[in-house]
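Numbering (the UniProt record's numbering), first residue to last: 1 to 947.
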Ligand SMILES: *Cc1c(COP(=O)(O)O)cnc(C)c1O
């Protein structure tokens with residue numbers, strides 16, 4: 001065995017066991033299985049053209065070289081991205097720890113209490129600093145957070161504002177935020193007006209306004225009076241704010257703002273050439289039911305023990321489908337956890353110390369520049385000094401490896417940060433002195449440049465959690481304590497259908513910690529990021545090859561953003577062709593909730609097409625809908641293989657019909673793990689698809705993000721791929737922007753890049769084959785016990801399949817009881833009730849070996865025995881191991897045991913569970929309890945009273 005071959009490390013059943021599994025399935029070879037799975041007319045005829053596979057050692061050498069090709073520079077560019085110091089215990093114990101980064105979104109709250117607590121801390125940080133009561137558990141980036149706020153305020157506008165359609169954006173809002181808002185506004189039909197808010201004459205047609213604090217020039221302005229005057233006109237104000245500055249400044253809430261947004265990047269999260277970072281949104285109570293993203297809320301378990309879970313909002317957004325006001329699904333959980341932990345580690349005093357230090361250095365720079373005769377533009381600032389650029393050339397600084405912000409005409413701004421040292425400050429001042437041919441003595445701190453009216457007087461981070469973990473020993477143990485409450489991929493397989501929880505290899509993750517990659521500012525001149533440029537260009541080419549398309553853009557920070565961008569690209573193309581009236585998107589009823597939500601965001605009208613009982617698109621219904629809507633048809637959005645886990649045989653007919661009616665075909669690529677190397681969106685007749693790099697291409701889920709949602713397009717759409725206001729990228733005809741950074745979350749692109757380079761064509765194709773093998777093996781083992789929905793005409797499934805639990809409803813057993821009982825066996829539930837209510841969708845992925853697949857099957861089979869015991873009347877319908885699951889340790893070890901089954905049956909239902917036991921920290925969580933009273937910040941112990 002060539003142990004240098006990464007595919008042997010990545011694929012669980014490559015070297016052995018496959019034959020035995022095939023015999024269980026009833027196939028002679030894996031190719032026979034694949035032929036029975038994928039329709040012949042859409043199969044690749046030749047292998048993908050990709051570079052030869054590298055070993056793990058070789059890819060690290062290669063990436064080291066790329067890292068060196070990124071020029072070292074000190075960045076003072078600012079504009080929403082700052083150098084920051086990631087505390088080592090957070091780097092080692094969270095960022096580099098699979099216990100944190102391989103976790104899934106905390107839908108199964110009983111085995112996610114650790115990350116839920118970390119996110120509640122994050123929400124508390126945001127809420128306290130913003131001075132607003134409600135905060136969510138992250139958004140994708142600051143620019144999209146601004147756009148989400150704009151959309152939210154418009155949807156929630158009061159009755160007397162129903163016709164107001166203008167949104168004001170202050171002229172010192174960051175350019176990337178303005179650009180993303182403009183794109184979003186164009187889809188939604190909102191009119192954006194920019195100007196100086198202090199001089200602007202607002203009429204009744206404005207529903208909202210966005211201000212930046214500090215502004216992009218660095219200036220801080222007290223907006224209290226302005227906001228009060230806007231509020232009196234019914235105009236809701238969103239303030240984009242800097243969290244570190246807020247430790248010293250009056251909060252947006254205290255200024256009267258309804259909403260605050262921003263990024264938490266500078267709370268210890270490296271710049272990474274653009275991301276990933278967690279953005280935040282905080283708001284007044286008025287918006288608590290419409291705020292986008294997820295909110296972590298306080299509740300209790302069924303015995304009254306304190307417990308956390310995701311509060312109602314997400315589910316509400318998804319159920320709304322085309323009436324949703326946000327399409328966000330994957331967010332930035334891992335980064336929110338890190339930023340929250342940064343606040344836990346530093347506490348209020350530590351954060352203020354850091355902020356004071358940054359401010360004092362900025363003041364010293366300001367004084368020095370004035371003394372040297374430069375003209376400073378404003379006198380009130382936190383960390384950014386702006387001067388007139390006259391006579392100052394960029395090259396002078398670049399040759400000293402110093403990058404300043406030259407983006408505004410005739411001005412230069414210099415943003416200081418936590419990393420700025422004495423040496424660095426002196427060097428910077430020296431370059432300015434040299435330009436003037438002067439010398440300057442050591443500059444002392446003169447006086448703060450924060451006006452008295454803006455000095456923060458309100459408290460923040462008063463909960464114990466922000467006071468208790470300031471030594472490394474305490475922090476290390478706190479992080480470990482939380483980690484132990486969570487079940488992640490480092491414990492057992494997580495067979496989440498549609499979410500593809502595969503191996504996130506250590507080799508793929510290592511380079512994220514390298515300074516050569518993670519310290520690069522997203523707006524550096526391209527020659528300062530040559531290593532990144534090369535990697536991104538290669539990756540885009542590989543993804544185009546894999547999808548059978550002409551071009552790729554990696555800018556979008558999630559799958560749902562990819563959907564939205566893909567539809568906007570179609571829209572741009574159609575507008576350019578004089579077909580602006582095309583605004584209907586046809587979506588199968590089986591589609592993921594983000595599909596109709598994204599279509600609505602792109603300003604499209606959603607028409608639903610039925611699925612046949614076999615799961616395929618109902619051709620007759622499609623023809624009827626095309627006939628009605630062909631005049632205005634924009635696109636069909638379809639998932640392939642379908643969300644039911646089968647390769648529909650009629651896919652070509654479907655895409656041909658749509659093209660014949662003048663529409664474009666959008667393919668949701670969440671199920672790409674069943675296609676890579678065997679077929680491609682380009683083969684089935686799609687024009688554009690998105691990929692979820694955090695599903696198919698090995699980026700870890702991070703507990704609910706980060707993600708990357710590239711879109712890949714046919715040549716006619718390539719000119720419209722997303723661009724950026726500061727760094728040239730995207731298509732030549734593009735005027736749309738989807739993310740704050742030109743290449744989105746560049747740092748984690750390294751993971752997918754390494755994944756592709758280490759597997760190569762053969763390894764990627766084998767991954768797909770073995771993903772299909774594993775799914776069919778599990779299906780074959782389980783179909784004797786449960787009904788499998790949706791197989792194709794050869795009775796095989798793709799890379800996932802659906803088990804039906806509805807037949808047990810008559811015994812009082814719900815699919816959620818199965819999900820909770822699996823926890824007692826040490827497993828995370830598969831996808832619950834998507835795309836069919838009352839079912840589990842199981843996707844084992846290629847990374848699992850036969851032994852783990854067998855344990856998972858054994859668990860589900862034993863659960864069937866437990867169901868039979870209820871059916872036989874051995875146990876009451878409302879008092880059995882399923883209904884009472886999960887069984888936490890304190891319940892199992894209590895002196896009292898009043899259940900009609902033994903402790904052993906509850907805790908160790910199969911022998912091997914003994915060695916692999918995971919004890920859920922709480923019992924079944926009472927969702928209704930938390931829904932009645934939404935608490936989304938850390939409660940002090942006294943204020944939390946049980947009913
Ligand atoms: C995961 C998923 C999405 C959404 O992707 P995010 O990255 O979470 O935004 C869309 N469609 C399907 C079918 C999915 O499984």
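From the three backbone atoms N, C-alpha and C, an ideal C-beta is built for every residue, glycine too.
- In the three-state reduction of the DSSP assignment, residue 378 falls in the coil class.
- According to the DSSP assignment, residue 689 belongs to the beta strand (DSSP E) that extends over 688-691.
- The three-state secondary structure of residue 269, taken from DSSP, is coil.
- Counting only runs of 4+ residues, the alpha helix (DSSP H) found wholly inside the stretch 917-943 occupies 927-932, in chain order.
- With a cutoff of 8 Å on beta-carbon distance, residue 206 and residue 243 are scored as not near each other.
- Taking all protein chains in view, the Cβ of residue 184 is crowded by 16 or more other Cβ atoms within 10 Å, so the residue is classified as buried.
- Separation of residue 456 and residue 83 (C-alpha to C-alpha, rounded to the nearest whole angstrom) is 24 Å.
- Three or more beta-carbon pairs drawn from the stretch 742-755 and the stretch 259-275 are found closer than 8 Å, and the two stretches are therefore classed as touching.
- In terms of Cα proximity to residue 302, the closest of 925, 932 and 930 is 925.
- When Cβ pairs closer than 8 Å are counted between the two stretches, the stretch 470-484 is seen not to touch the stretch 19-37, the count staying below three.
- About 4 Å separates the beta carbons of residue 12 and residue 849, which is inside the 8 Å limit, making them a contact pair.
- Listed as beta-bridge partners of residue 300 by DSSP are 306 and 926.
- Taking the Cβ of residue 136 as the reference point, every heavy atom of ligand 1 lies at 7 Å or farther away.
- Exclusion of the five residues before and after residue 534 leaves 66 and 69 as the residues of its chain whose Cβ lies within less than 8 Å of its Cβ.
- Assigned with DSSP and collapsed to three states, residue 433 falls in helix.
- C-alpha of residue 612 to C-alpha of residue 816: approximately 26 Å in a straight line.
- Distances from the alpha-carbon of residue 634 to those of 899, 600, 641 and 235 put 600 closest.
- Separation of residue 329 and residue 831 (C-alpha to C-alpha, rounded to the nearest whole angstrom) is 15 Å.
- In the DSSP annotation of this structure, the continuous segment of the alpha helix (DSSP H) that includes residue 815 starts and ends at 815-824.
- Each residue's CA atom was taken as its position, placing residue 188 and residue 602 some 7 Å apart.
- Counting along the chain, the unbroken beta strand (DSSP E) around residue 787 starts and ends at 787-789.
- Residue state for residue 109 is assigned as helix, using DSSP reduced to three classes.
- Cβ atoms of residue 415 and residue 684 stay farther apart than 8 Å, at about 48 Å.
- One thing to note: residue 227 has its Cβ no nearer than 8 Å to the Cβ of residue 260.
- Residue pairing of residue 281 in beta bridges, as defined by DSSP: 261.
- Here residue 427 carries a helix assignment [DSSP, helix/strand/coil].
- Residue pairing by DSSP places residue 388 opposite 411 in a beta bridge.
- Of the candidates 97, 418, 697 and 750, 697 places its Cα closest to the Cα of residue 501.
- Residue 337 places its beta carbon 8 Å or farther from that of residue 134.
- Beta-bridge partners assigned by DSSP to residue 213: 241.
- Burial is judged here by how many other beta carbons sit within 10 angstroms of a residue's own beta carbon; residue 483 has at least 16 and is buried.
- Going by C-alpha positions, residue 641 is about 13 Å away from residue 34.
- A distance criterion of 7 Å places the beta-carbon of residue 99 beyond contact range of ligand 1, judged by its closest non-hydrogen atom.
- In this structure, residue 544 sits away from residue 689, with a CB-CB distance that is not shorter than 8 Å.
- Residue 469 is not bridged by DSSP to any residue.
- In the DSSP assignment, residue 74 forms a beta bridge with 402.
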